[in-house]
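Visitor: What the sequence shown shows, in the numbering used here, is residues 62 to 491, in sequence order.
For glycine and all other residues, C-beta sits at the position ideal for the given N, C-alpha and C.
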Amino acid sequence: MKYLPINSQLFIKNRAKFTAQMKSKSIAIFNSNDVFTTGADSTLPFEQQRDLFYLSGADQEESILLLFPDAIDPKHREILFLTETNKHIAIWYGAKYSKEEAIEVSGIKTIYWLSEFKKVFYDLMTEAETIYFNTNEHYRQAEELESREDRFIKKCKADFPAHKWEKSNQILQGLRGVKESEEIPIIQTACDITNKGFRRILPFVKPGIMEFEIEAEFMHEFLRSRSDGFAYTPIIASGYSACVLHYIENNKECKDGDMLLLDVGAKYANYSSDMTRTIPVNGRFSDRQKAVYNAVLRVKNEATKMLSPGVLWVEYQKEVGKLMSSELLGLGLIDKADVQNEDPNWPAYKKYFMHGTSHHMGLDTHDYGQLKLPMKANMVFTVEPGIYIPEENMGIRIEDDVVVQKTGEPINLMRNIPIEVEEIEDLMNS
C-alpha cells in the first residue's frame, strides 16, 4: 500500500461498536472482494471490501474476518484468516501479511491461515445460533457479478439450514455513517491531495487542450502524494458534456469560451474525497458564466449551513430546492408561473438541477449512512448543487466535503481548495 499505516485502535473501536449490537450466540463473517480478471493472465487492481477494511484494516485479497463475541474460547472471539505466504508468492507477487504484521495492522490477536477456515468455522458454528451475513444494501448498489460474499452466503445456508441469520448491513449503515475521530484526518488527507491536483491543473488548462490531458495531470499529482489514484471515475467535462451528469469519456477538446466541469477526488488509505469545480477554459468567466457560477456557489454555501444534528435529508433537500428556485428566477431560467404551477413531485427547479444536494462520504464515495434518520455529528456529507443549461452549452456544479458538528456550521474539509471566481481566474492566469 502507498498510504502510511493507520493506527489499529480505529479498527479495534469499530469492531467493538459492531459486536455490541450483535445478538447473543451469533457469528459475523466478512469476506474480501474477488480479484477480477480482464482476460488471459491479467487482473484489475485489487480493491478491498470496505466493510472488512472498516472492521480490520486488512488490505489484502482472500481475507476473512470472523467475529464471535460469545465464543467459549476467548481467542476465537475475533479471528482474521489470511493466505499463507510462501517463497513462490513472495517472488512473483510480493510477500503477504505475516501473522505478526496482521496483528499490528488489525489489533486482532488470533490469526489463522485461510486453509484452516473450514475446520475452525464449522467447529464454532456448533456454539452459535445465528450468523450475520454481509450483503450489499446500499441504496444505489449495482451488483451484477456474484461476489465472494454471495458465494459464501449461498454455501453457508446450504450447510447450516438450522441456523438463524441476520444482516450485518443494518448495523454497518449506522456505524459507518458516523465517523470516528481517526477517520476525519484520513479523509482530510484525501481532500488535501485533491487540492494539490486542482491547483496543478489551473494554470495548465487552455483552449485546445484535451480533457484526458487534464485527467492525466490529476493522476500525476495524486500518485506522487501517496494516493492510489481516483476515488471514482473522474468527470472532465467541457462545454455541453457538463450537462451529462455522469459523463466519463473525457475525450473532447476544451474550447475557448466553454466552461469545464471537474468532478474529481483522490483516494487515500481506501477513503474517498469528492470535489467538483467548474472553471472557464480560457481563464476568464464571462458575465453570464459568472452569474450562474455565483448562483450555484450561494446555494452551496447556504445549503452547507443547514447540515446539523437532527435534520432530515428529505427536508433538507426541499429547503435547498427553495434556494435554487430563487436563484433560477434571478437568472431568468424559470418564472413565477413555473413555480406556482409546478408538480410537487418534480418542482420547477428540477429542470436545471435534477440531482440530490448531498450524500454520505467516507470509505465509499457514496458511503453507507442512514439517509432516512436524523443527521448526527461527525457525519461527512458532500454539498454539490449545480445548474445545467444545455441550451447555453453550460453545466456548473460546485462540491465540497463537510463534517457535521454538534453545534455550529459544518467543518469544510475542502476549505483550502480555490472556489471564488477571482481566485480561480488569478491562478489560471498566473
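Is it buried or exposed, L105, if we count other Cβ atoms within 10 angstroms and call 16 or more buried?
Guide: Position 44 of the sequence shown holds residue 105. Exposed, by the Cβ-count rule.
Visitor: Going by beta-carbon coordinates alone, are Q378 and T426 separated by less than 8 Å?
Guide: Against the sequence shown, residue 378 aligns to sequence position 317. Against the sequence shown, residue 426 aligns to sequence position 365. Not in contact: Q378 and T426 (Cβ atoms no closer than 8 Å).
Visitor: Between T191 and H224, which are expected to be in contact by the criterion C-beta below 8 Å, what is the C-beta distance as a whole number of angstroms?
Guide: Translated into positions along the sequence shown, residue 191 becomes position 130. Translated into positions along the sequence shown, residue 224 becomes position 163. Correct: roughly 6 Å between the Cβ atoms.
Visitor: Based on Cα-Cα distance, which residue from V166, E122, T144, A77 lies nearest to R138?
Guide: Residue 138 sits at position 77 when you count from the first residue of the sequence shown. Closest by alpha carbon: A77.
Visitor: On a CA-only basis, which of L488, G456, E460 is nearest S334? Give me that one, please.
Guide: The residue labelled residue 334 in the question sits at position 273 within the sequence shown. Nearest of L488, G456, E460 to S334, Cα basis: E460.
Visitor: From N439, R458, Y429, K160, pick the residue whose C-alpha is nearest to that of H307; which is it?
Guide: For this step, residue 307 is matched to residue 246 along the sequence shown. Checked all of N439, R458, Y429, K160; the closest Cα to H307 is R458.
Visitor: The alpha helix (DSSP H) that contains I164, what's its start and end?
Guide: Position 103 of the sequence shown holds residue 164. Taken as a continuous stretch (DSSP letters only), the alpha helix (DSSP H) holding I164 covers 160 to 167.
Visitor: Exposed or buried, which one is R201 when buried takes at least 16 other CB atoms within 10 Å?
Guide: Residue 201 sits at position 140 when you count from the first residue of the sequence shown. When all chains shown are included, R201 counts as exposed.
Visitor: I'd like to know whether the C-beta atoms of A132 and S229 end up nearer to each other than 8 Å.
Guide: Along the sequence shown, read from residue 1 onward, the residue named residue 132 stands at position 71. Along the sequence shown, read from residue 1 onward, the residue named residue 229 stands at position 168. Contact flag unset, no.
Visitor: Between the region 136 to 154 and the region 162 to 181, are three or more C-beta pairs nearer than 8 Å?
Guide: Flag = yes, the region 136 to 154 and the region 162 to 181 touch.
Visitor: As a quick exercise: from Y154, N92, T339, pick the residue whose alpha carbon is nearest that of V482.
Guide: Reading the sequence shown from its first residue, position 421 is the one you call residue 482. Nearest option by C-alpha distance: T339.
Visitor: Who are the near neighbours of E403 in its chain, counting only those whose CB is closer than 6 Å to its CB and skipping five residues on each side?
Guide: Counted from its first residue, the sequence shown places residue 403 at position 342. So the list reads A409, once near-sequence residues are dropped.
Visitor: Would you mind working out which of T365, V357, E310 sits nearest R476, comparing C-alpha positions?
Guide: Taking the first residue of the sequence shown as 1, we reach residue 476 at position 415. Among T365, V357, E310, the Cα nearest to that of R476 belongs to T365.
Visitor: Among the residues of its own chain, which have a CB less than 7 Å from the CB of G118, if the five just before and after it don't count?
Guide: In the sequence shown, the residue the question calls residue 118 occupies position 57. These residues qualify, in order along the chain: I67, S69, F72, V166, S167.
Visitor: What number of angstroms, rounded off, separates the C-alpha of G300 from the C-alpha of G391?
Guide: On the sequence shown, residue 300 is found 239 positions in, with the first residue counted as 1. On the sequence shown, residue 391 is found 330 positions in, with the first residue counted as 1. Their backbone Cα atoms lie some 23 Å apart in a straight line.
Visitor: What is the DSSP secondary structure of V269, counted as helix, strand or coil?
Guide: Start at 1 with the first residue of the sequence shown, and residue 269 comes out as number 208. Per the sequence presented here, residue 269 reads as Gly, with Val not at that position. In the structure shown, G269 sits in coil (DSSP, three-state: anything other than H, G, I, E or B).
Visitor: Identify the continuous alpha helix (DSSP H) that holds D253 and give its terminal residues.
Guide: The residue you call residue 253 lines up with position 192 of the sequence shown. Start and end: 244 to 262.
Visitor: Just mark A151 as buried or exposed, buried being the case when its beta carbon has 16 or more other beta carbons within 10 Å.
Guide: The residue given as residue 151 occupies position 90 in the sequence shown. Exposed is the call here.
Visitor: Under DSSP, the alpha helix (DSSP H) around T365 begins and ends at which residues?
Guide: Start at 1 with the first residue of the sequence shown, and residue 365 comes out as number 304. It spans 348 to 367 - the alpha helix (DSSP H) in which T365 sits, taken as one unbroken run.
Visitor: Quick check on N147: buried or exposed, where buried means 16 or more other Cβ atoms within 10 Å of its Cβ?
Guide: One-based indexing of the sequence shown puts residue 147 at position 86. By the neighbour-count rule (16 or more Cβ atoms within 10 Å), N147 is not buried but exposed.
Visitor: Could you round the C-beta distance between I485 and M336 to whole angstroms and report it? I think they count as a contact, below 8 Å.
Guide: As a position in the sequence shown, residue 485 is number 424, starting the count at 1. As a position in the sequence shown, residue 336 is number 275, starting the count at 1. That pair is no contact at about 13 Å.
Visitor: My understanding is that P268 touches C315, with C-beta atoms under 8 Å, so please give their C-beta distance in whole angstroms.
Guide: Position 207 of the sequence shown holds residue 268. Position 254 of the sequence shown holds residue 315. With 8 Å as the limit, P268 and C315 qualify as a contact, their Cβ atoms being about 6 Å apart.
Visitor: DSSP three-state call for R338: helix, strand or coil?
Guide: Taking the first residue of the sequence shown as position 1, residue 338 is located at position 277. Looking at R338 - three-state DSSP - the assignment turns out to be strand.
Visitor: In whole angstroms, give me the CA-to-CA distance for V305 and E274.
Guide: The residue you call residue 305 lines up with position 244 of the sequence shown. The residue you call residue 274 lines up with position 213 of the sequence shown. So the two alpha carbons sit approximately 20 Å from each other.
Visitor: What residues in its chain sit with their C-beta under 6 Å from that of F516, if we drop five residues either side in the sequence?
Guide: Outside the displayed range of the chain (62 to 491) lies residue 516, so it cannot be described from this structure.
Visitor: Use the C-beta contact count for W226: other C-beta atoms within 10 angstroms, 16 or more gives buried, fewer gives exposed.
Guide: Counting from one through the sequence shown, the residue named residue 226 turns up at place 165. Exposed, since its Cβ has fewer than 16 Cβ neighbours within 10 Å.
Visitor: Count the other CB atoms, across all protein chains shown, that sit within 10 Å of the CB of P471; report buried if there are 16 or more and exposed otherwise.
Guide: Against the sequence shown, residue 471 aligns to sequence position 410. Answer is buried; the Cβ neighbour count reaches 16.
Visitor: Straight-line CA distance for L358 to G100?
Guide: Locating residue 358 in the sequence shown gives position 297, counting from the first residue. Locating residue 100 in the sequence shown gives position 39, counting from the first residue. Approximately 45 Å, taken between the alpha carbons.
Visitor: Do the CB positions of K328 and D289 come within less than 8 Å of each other?
Guide: Within the sequence shown, the letter at position 267 stands for residue 328. Within the sequence shown, the letter at position 228 stands for residue 289. Yes, these two residues count as a Cβ contact at 8 Å.
Visitor: Could you compute how far the alpha carbon of G504 sits from the alpha carbon of P405?
Guide: Residue 504 lies beyond the range of the chain shown here (62 to 491); nothing can be said about it.
Visitor: The alpha helix (DSSP H) spanning M489 covers which residue range?
Guide: Taking the first residue of the sequence shown as position 1, residue 489 is located at position 428. Element bounds for M489: 482 to 489.
Visitor: Quick check: the Cα distance between D102 and Y154, rounded to an integer number of angstroms?
Guide: Taking the sequence shown and counting its residues from 1, the one referred to as residue 102 is at position 41. Taking the sequence shown and counting its residues from 1, the one referred to as residue 154 is at position 93. Those two C-alpha atoms are separated by around 13 Å.
Visitor: Within 10 Å of its beta-carbon, does W374 have 16 or more other beta-carbons around it, so buried, or fewer, so exposed?
Guide: Here residue 374 refers to the residue found at position 313 when the sequence shown is read from its first residue. By the 10 Å Cβ count, W374 comes out buried.
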